[in-house]
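Here's the structure we're looking at; comments come further down.
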Amino acid sequence: MSCLEVNQVSKEFYRNNGKTRETIAAVDGVSFELHEGESLGIIGTSGSGKTTLLKLILGLLKPDKGMVSRSESLGFVGQDPYSSLCPTMSVEKAVAEPLIFLKRKKRFRDCLNDVDEVLSFVNLSRSVYGKRLPQELSGGERQRVGIARALIIKPTLLLLDEPTSMLDQEVKSEIAAVINKISKQKQTAFLMVTHDVLLATQICDRIMVMSKGKIIEENSAAEIFENPQKAVTQDLVNINTNIRTYWEKHFLADTNKPISTTKF
Amino acid sequence: MKKRIISLVLIMTMALAITGCTSTPKDGATNSGSSIAESLTIAIAKDENSLTPFTYVSSTGLIVNRLIYDTLLTTNAENEVVPWMIEDDYQVENDFTTYTVTLLEGQKFHDGSPLTAEDIKFSFTYPATQKVSSLKKIANSIKSIDVIDDKTAVINLKNPDINFPRSGLAAMRIISKKQYESQPDASVVNESIGSGMYKLAEYKVGEYYKLEAVSDYFKGAPNVKNINMPIMKDNTAIQQGLLSGDLAAATSSISVEMLETYGKDDALAVFANAGYSPMIMNINNGRAPMDNPEFRTALTYAIDVKGIMSTLYREYATIGTKAVIRPDMDYAQSGLDYDYNVSKANELLDKAGFDKKSDNGIRLTPDGKPCNFTMLVYASNNDRIRTAELITEQLKAVGIEMTVKAMEMDTVDAFVWPDFDVSKGRDYDFAMWGWGTSINPDFLPAMFSSNPEIGTSNVCGYVNPTFDKLVETDFKAVKTAEDLNAVLKNMQKVISEDPGLITFGYADSLQVCNTEKYNGWVSGKGLNVINVYSFLGAQ
Amino acid sequence: MKKRIGHYLIILVIVIVANFFIPRLLPGSPIKTLIGEDTGQMTAEEKMGILDSYHLNDPITVQFGYYIKDLFSDDWGLSFSKRQPIKDLLKSAAGWTLLLSSVSMFFSIVIGCCLGAHSARKRKTKSDLNLILGTTFLSSIPPFWVAILLLAVFGAQLRWFPTYGAYSMWSDKQGLAYVLDVSYHLVLPVLALVLTSLLPYFTTTRYSVLKIINEDYIKMAKIRGVPDHTINVRYVMHNAIIPVFTMVMLDVGYLLSGSILIETVFSYPGLGVLMRDAVTARDYPLIQYTFLISSVLTIIALFLADLCYRKLDPSLEGADEK
Amino acid sequence: MRSKIIGSIGVTILVLLVLIAVFAESLAPYSPYEQVGTTFARPSAEHWLGTNDIGQDIFSELIYGTRNSLAVGLLSATIAMTIAVLVGVMSGWFGGKLDRILMKVTTVFLTIPFLPVVIILAAFSKGSVWSMSIILGVMSWPVVARILRSETIKIKGSNYIHMIQGMGASDFYVIRYHVFRELLPLIFYRGIIRVKSGILAESSMSFLGLGNPAAKSWGSIIYYAQSSNALLTGSWIWWIIPPGLCICLVSMALMMVAYSFEERNDARMEDKL
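If you read the sequences in order, they're chains G, B, U and R.
Residues 937 to 1200, numbered by my numbering, are exactly what the first sequence covers, in order.
Residues 15 to 553, numbered by my numbering, are exactly what the second sequence covers, in order.
Residues 814 to 1135, numbered by my numbering, are exactly what the third sequence covers, in order.
Residues 19 to 291, numbered by my numbering, are exactly what the fourth sequence covers, in order.
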């Protein structure tokens, strides 16, 4: 069963360039489908239109052409852990919030069991972190709270927008481990938008490469990494080769390495 | 018939009985200061435009205008009409239709040109062509003016007017023919050229006036050389200025509670000038139940006129009577004082069919409506609002409910006197009101005649056939001063039996002057301290 | 940009039309002003004749035509009540009011913002609470009473400052002496205005500074060792000023009419008093143009604010997305 | 702890004033409308604050005045803030056509001159305290609406709002639980300023000859004291200071509540830092 269908979606923006007004096609006729349990990575340089595509999928933007149909139950993790949480809301409330606004639970205190569950899934304990405010957390902790929030509704589709791009290497690996864990344990479809080819190839079955609003290449993760067809893809892969060695040494060897709670 | 005017003037002046003028609450310090002054600063409470007879706005402007423009006659401290620009023996002929005047020597305008009988003729006819001002009315009453020579003119009226010396000769400011004759619209002329003892040297809109003495004035040079008049709209600021000595005087008056404060300062003297502006409670006679004379009569007993006046003004007021006009005028009917008597009021109301009461103690009209009314009052006039408050309390005692509604001035006017035309009706129950002056003998007909041509001030919608008949027959037939007095007294009797409104009385105007800076101040009945006598040199 | 200009042009048109109708909706008519004291004794025909000569009996559409014609001609006509060219009246009155208002606004903003920022930084200390309650106290006193008190104490009693006017009348001061004289006359009115209008600037600054010093980038800057002074000025004040800036721009509208009370007390020859007199006299043309001036000024201020906003705070751009 | 004390002082003052307003009849020694003494009497055992220019008991006026003053202040502020929040938040949140229309209305209101509009509205109203409050409320919302709009736009643009919107939070939910909550301190401060301005505006209107000084309120007491030259006669001590203090008391009490509210709202985070 498909939980996300993107059909010939386009979105244009205007940009004032001095006196002339030019039109930029941020997303240009993109189509793809995502089935339950599948994981898909979209990679591309910045400005390739991947964030716009994500916004279109989330419904934050209306497409000029085409349509998006997606499953109702959708979790979302943003790229910036510093701004993705309401600054005046405690961790446990922030995590429980989706249950409330999706009207699955009426009151906060009915959500506590679910909150416990997802927090421990991301290796945080409610007794320690529950009452804290986002300011009191490290970047990695915040991102884990963000993931917990996305997971609490038991989504059939999880969208990840560059989940590690703003974190430093060590924390990055912690988050990657959590994501890996989700992909292994849950029956959730994945859509991860990133410019980090390495991360994408590690987590996703399938990868699409985006450039100037179009999908220019689509293949299995291994194929993309080993045998990139387009120049853009090649560049993206090359940028990441240096990191590859490091990655293999520290992370791929042991995916179950305990996640440290070092403060940022 | 030829008659010396002086005696008539004395009869006509409505102010003989009491020598109440300059009843200075504080004497003694008046002679300490100097009798001449180089310059005085006197606050003017309003911006009165360029102060020509066609541009000033209110009575405040008139005060200063009178220093700049002369009139043939004028009123003195006793509020008597006396000659000013003309010789004493001016003549009245033909049943008050012909007035002959002769100018005194040495008069000229501020631009240096001599003042002649031609200017008199022009002054009395030109306003008829103008849009603005009370002067139009005077000019309209004139049939013709014959210039006999340079100094002498004969004024012929369309109708006999026994009051013309006061309402016409003492009111018409003499303007320069040269200045105005080619001007179709006098209101755009901003240069004031009069023949008065002061000339307007400078005027800055919204800021100040500067008056300069005319050194060769025909009655002698004024004692004060320069008068600087800042425009000050805030009363407290004026009072502060007087206390601190910044100001020597002001066109505006003070209220009674300040007497003590000013009394402490030896340099300051307070003058109390009898006032001629009545405070009135208008009753809409056309609206039920106020159309019932018994109801209105009951109101005259239910309201404590004397108490309210002494609360507001202490002894510095003349209490009103059912006769409406000032009791010290020689044609005032005596014995018509208000009688505050709540039980009498209740009795009258019960008898008139207002005997049932609603649950909360408010009387019901004979047709069963509760007696609750609205009283309109200017939001800017404290005395009247306070009076309305006190009336409300007093009426409560007789089971009548009153709601005071204070509104901006013109808004109230629009309800009480739409378009200033009584024939256009009125939309109010009660309203606190006042009139500029009560001094003309046609004051009563104007207020109470139901004929809109005559009763131009009948804002109460008063209708009384007896009164109307008096106006149409007896009043029109008046030939002598004695006749006039008799008719006016009859009128007062009629309106006291069928009251159309309630007259609270006439507040004095209390004015503060700095006697250290200048001690020549002269005050009088209906006379602001800023007047020609205050600045005129010894004669 | 074009859209913005269009937006303000539409508002300008609405305001021009509204300014014609508002005075005519006022109860009463200018007839008392036009005729003078003895309105009641004029016959109906005489009154009609006078109203005719000012086009006041014409159909409202025709009157509107005259208004528009006058508006776009160089001559705004004569005031009904002051008998002076409206242009001259407005020129001098608006000048004084602009001076008074802008000087007092400047001090209100500077003092209000500084106190607000100080209060926010000293959060939870005694001086914070004292400042809050102090400014609240000051602004709770009726403005006319503050003015009168200042006038009585520093004007009449101590005689340190003049009690009326905008400059020494009847004196011919020139150059520096004149400037000093005008400033001398400004002290009390400005003080009265500043004292009573501190609170909004104070609370707004305090609120936004509080919000900002809790933002991460400020903390980051602290950790990075950026000196306190730089943080305060470069980061905090720079960002906290945006809401204050909005307020200032919105207040410009009141700049011309907001000081009526103070102008009245200090006999300051400004626009506020002129406006009030015009309304009282039902002086239609003067009402129209005084309000037009203040409305147009507000519109200009808002437009400028809009422009500056985009520079100050690019995040607002989102509001305009097509 | 300290903030709690300050907050409770504020609440106590407000409750006390409301009680005084409600039970004015039984608290006041005299009817404030009745002439109960000589005019301009100094304070005495019978008249704690003396009498006014027509012999009414000032202390009783003060107690009855609480009613109208609180009513004008609270009502006008409530009206103004309700309109401002509705317009500001809707305009800022929904943007587009709605925003353009609402902002035009706001700007027009902002530029329309206050004075004549008040006169026009007053002429068509009953001149009561209620109509005064409505007029003041209706005339004073635009500034606040514009401020709230720009704050709303800022909040709308923040990332976490996007995140929960993406996860399916409805507009109503986000406005109710996030936008509104973040705006609350600002609304609170603005509201306090409006309450105070409402009470003061009433007295200033009288000063300009537009209000209804016949209604007993703190503002009208000050107005009459002022017009009876209380400053020069020395009676300002018992005639102007008490109502003045009452006005200050209301705004200061509200400020105290706001202060402790703000403190408690994020006290925890302060403790941790």
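Cβ coordinates follow ideal geometry from the N, Cα and C atoms, glycine included.
Since we're looking at a predicted model, the values are computed, not measured.
Sequence ranges, alpha helix (DSSP H) only - wholly within the stretch 841 to 922 of chain U, length at least 4: Entirely contained in the stretch 841 to 922 of chain U, the alpha helix (DSSP H) runs reaching 4 residues are, in chain order, 844 to 848, 857 to 866 and 873 to 885.
Between the CA atoms of Thr-517(B) and Ala-500(B) - distance to the nearest angstrom: Numbered from 1 along the second sequence, position 486 holds the residue referred to as residue 500(B). Numbered from 1 along the second sequence, position 503 holds the residue referred to as residue 517(B). Approximately 21 Å between the Cα atoms of the pair.
Three CB pairs or more closer than 8 Å across the stretch 76 to 94 of chain R and the stretch 127 to 140 of chain R: Touching, no, given that fewer than three Cβ pairs across the two stretches are closer than 8 Å.
Inter-residue spacing [alpha-carbon to alpha-carbon] between Asp-427(B) and Gln-144(B): Numbered from 1 along the second sequence, position 413 holds the residue referred to as residue 427(B). Numbered from 1 along the second sequence, position 130 holds the residue referred to as residue 144(B). Taking the straight line from one Cα to the other gives about 25 Å.
Close-in-space but distant-in-sequence residues of the same chain around Gly-209(R) (CB under 6 Å, 5 per side omitted): Translated into positions along the fourth sequence, residue 209(R) becomes position 191. If you ignore the 5 residues before and after Gly-209(R), its C-beta comes within less than 6 Å of the C-beta of Ala-95 and Met-99, all in its own chain and listed in chain order.
Against chain U: residues of the stretch 264 to 287 of chain B by CB proximity under 7 Å: If the cut-off is 7 Å between Cβ atoms, the stretch 264 to 287 of chain B has nothing near chain U.
Bridge partners - Lys-371(B), DSSP secondary structure assignment: Your numbering for residue 371(B) matches position 357 in the second sequence. In the DSSP output, where bridge partners are listed per residue, Lys-371(B) has Arg-377(B).
Inter-residue Cα distance where the pair is Val-29(R) and Val-275(R): Walking along the fourth sequence from the start, residue 29(R) turns up at place 11. Walking along the fourth sequence from the start, residue 275(R) turns up at place 257. One C-alpha to the other measures close to 7 Å.
Chain G within 8 Å of Gly-114(R), Cβ atoms only: Looking up residue 114(R) in the fourth sequence gives position 96. Not one chain G Cβ lies under 8 Å of Gly-114(R).
Spatial distance of Asn-533(B) from Pro-61(R) (CA atoms): Within the second sequence, numbered from 1, the residue matching residue 533(B) stands at position 519. Within the fourth sequence, numbered from 1, the residue matching residue 61(R) stands at position 43. Between Asn-533(B) and Pro-61(R), the C-alpha separation is close to 38 Å.
Gln-1165(G), DSSP secondary structure in three states: For the purposes of this step, residue 1165(G) is taken as the residue at position 229 of the first sequence. It is coil, neither helix nor strand.
Residue span of the beta strand (DSSP E) that contains Ile-207(B), given as start and end: Mapped onto the second sequence, residue 207(B) falls at position 193. For Ile-207(B), there is no enclosing beta strand (DSSP E), as DSSP marks it with neither H nor E.
Chain-order list of residues whose beta-carbon lies under 8 Å from that of Thr-251(R) (same chain, five-residue window excluded): Counting from 1 along the fourth sequence, the entry for residue 251(R) is found at position 233. Non-local beta-carbon contacts of Thr-251(R) in its own chain, meaning distances under 8 Å to residues more than five positions away in sequence, involve Phe-58 in chain order.
Proximity of Val-473(B) and Arg-440(B) at Cβ, strictly below 8 Å: Sequence index remark: in the second sequence, residue 473(B) carries index 459 (1-based). Sequence index remark: in the second sequence, residue 440(B) carries index 426 (1-based). Yes, Cβ-Cβ distance for Val-473(B) and Arg-440(B) is below 8 Å.
Chain R contacts made by the stretch 950 to 974 of chain U, where a contact means CB separation under 8 Å: Only Phe-950, Ser-952, Ser-953, Ile-954, Pro-955, Pro-956, Phe-957, Trp-958, Ile-961, Leu-962 and Ala-965 from the stretch 950 to 974 of chain U bring a Cβ to less than 8 Å from some Cβ of chain R.
Supposed contact pair Ala-1118(U) and Met-1050(U) - C-beta distance, whole angstroms, cut 8 Å: Within the third sequence, the letter at position 237 stands for residue 1050(U). Within the third sequence, the letter at position 305 stands for residue 1118(U). The beta-carbon distance between Met-1050(U) and Ala-1118(U), rounded to whole angstroms, is 18 Å. This is too long to meet the 8 Å contact definition.
Buried or exposed by the 16-neighbour rule on C-beta atoms within 10 Å, applied to Ile-153(R): Taking the first residue of the fourth sequence as position 1, residue 153(R) is located at position 135. Under the 10 Å beta carbon count, Ile-153(R) is surrounded by 16 or more other beta carbons and is classified as buried.
Residues near Val-1004(G) in its chain [Cβ-Cβ closer than 8 Å; skip 5 each side]: In the first sequence, the residue the question calls residue 1004(G) occupies position 68. So the list reads Leu-940, Glu-941, Val-942, Asn-943, Val-945, Leu-992, Ile-993 and Gly-995, once near-sequence residues are dropped.
Met-421(B) classed as buried or exposed, judged by whether at least 16 other C-beta atoms fall within 10 angstroms: What you label residue 421(B) is simply residue 407 of the second sequence in a count that begins at 1. Buried, since its Cβ has 16 or more Cβ neighbours within 10 Å.
Extent of the continuous beta strand (DSSP E) run through Ala-286(B): Translated into the one-based positions of the second sequence, residue 286(B) becomes position 272. Here the beta strand (DSSP E) through Ala-286(B) covers 282 to 287.
Neighbour-count burial assignment, Gln-1170(G), 16 or more Cβ in a 10 Å radius: In the first sequence, counting from the first residue as 1, residue 1170(G) sits at position 234. The residue in question, Gln-1170(G), is exposed, as its Cβ has fewer than 16 Cβ neighbours within 10 Å.
Cβ-Cβ distance between Leu-249(R) and Thr-1111(U) below 8 Å: Numbered from its first residue, the fourth sequence carries residue 249(R) at position 231. Numbered from its first residue, the third sequence carries residue 1111(U) at position 298. Cβ distance not < 8 Å, so Leu-249(R) and Thr-1111(U) don't count as in contact.
Beta carbon proximity, Leu-1011(U) to chain R, threshold 8 Å: To locate residue 1011(U), count along the third sequence from 1; it is residue 198. It does not: the Cβ of Leu-1011(U) has no partner Cβ on chain R nearer than 8 Å.
C-beta neighbour in chain R for Glu-1033(G), strict 8 Å: Here residue 1033(G) refers to the residue found at position 97 when the first sequence is read from its first residue. By this cut-off, Glu-1033(G) is an interface position.
Cutoff 8 Å: Gln-254(B) Cβ touching any chain U Cβ: The residue given as residue 254(B) occupies position 240 in the second sequence. Output row for Gln-254(B): interface = yes.
Burial state of His-1131(G) (16 or more Cβ within 10 Å): One-based indexing of the first sequence puts residue 1131(G) at position 195. Counting Cβ neighbours within 10 Å, His-1131(G) comes out buried, since at least 16 surround it.
Selected residue, minimal CA-CA separation from Arg-1047(U), among Ile-1025(U), Asp-883(U) and Tyr-1102(U): The residue given as residue 1047(U) occupies position 234 in the third sequence. The residue from Ile-1025(U), Asp-883(U) and Tyr-1102(U) with its alpha-carbon nearest to that of Arg-1047(U) is Ile-1025(U).
Close Cβ partners of Leu-32(R) (< 8 Å) along its chain, the five nearest in sequence each way excluded: On the fourth sequence, position 14 is the one that residue 32(R) refers to. For Leu-32(R), the CB contacts under 8 Å within the same chain, skipping 5 residues up- and downstream, are Val-268, Ala-271, Leu-272 and Val-275 in chain order.
Close Cβ partners of Gln-193(B) (< 6 Å) along its chain, the five nearest in sequence each way excluded: Taking the second sequence and counting its residues from 1, the one referred to as residue 193(B) is at position 179. Once the five neighbours on either side are set aside, the close Cβ partners of Gln-193(B) are Ile-207.
Cα-Cα separation between Cys-1140(G) and Phe-1126(G), rounded to whole angstroms: On the first sequence, residue 1140(G) is found 204 positions in, with the first residue counted as 1. On the first sequence, residue 1126(G) is found 190 positions in, with the first residue counted as 1. Those two C-alpha atoms are separated by around 8 Å.
C-alpha gap between Ile-169(B) and Met-295(B), whole angstroms: Here residue 169(B) refers to the residue found at position 155 when the second sequence is read from its first residue. Here residue 295(B) refers to the residue found at position 281 when the second sequence is read from its first residue. Ile-169(B) and Met-295(B): Cα-Cα distance of roughly 40 Å.
Where Gln-1105(G) falls, given that 16 or more other Cβ within 10 Å makes a residue buried: Mapped onto the first sequence, residue 1105(G) falls at position 169. Counting C-beta atoms within 10 angstroms of its own C-beta, Gln-1105(G) has fewer than 16 neighbours from the protein chains shown and is therefore classed as exposed.
Interfacial residues, the stretch 173 to 186 of chain R to chain G, with Cβ spacing under 7 Å: Answer set for the stretch 173 to 186 of chain R: Ser-176, Asn-177, Tyr-178, His-180, Met-181, Ile-182, Gln-183, Gly-184, Met-185 and Gly-186.
Beta-carbon gap between Ile-182(R) and Glu-1008(G) smaller than 8 Å: As a working mapping, residue 182(R) is identified with position 164 in the fourth sequence. As a working mapping, residue 1008(G) is identified with position 72 in the first sequence. No, the Cβ-Cβ distance between Ile-182(R) and Glu-1008(G) is not below 8 Å.
8 Å Cβ cutoff, Ser-188(R) in contact with chain G: The count along the fourth sequence starts at 1 and reaches residue 188(R) at position 170. Taking CB atoms only, Ser-188(R) has a neighbour in chain G less than 8 Å away.
Cα-Cα separation, Ala-331(B) to Ser-267(B): As a first step, residue 331(B) must be located in the second sequence, where it is residue number 317. As a first step, residue 267(B) must be located in the second sequence, where it is residue number 253. Each residue's Cα considered, the two are about 13 Å apart.
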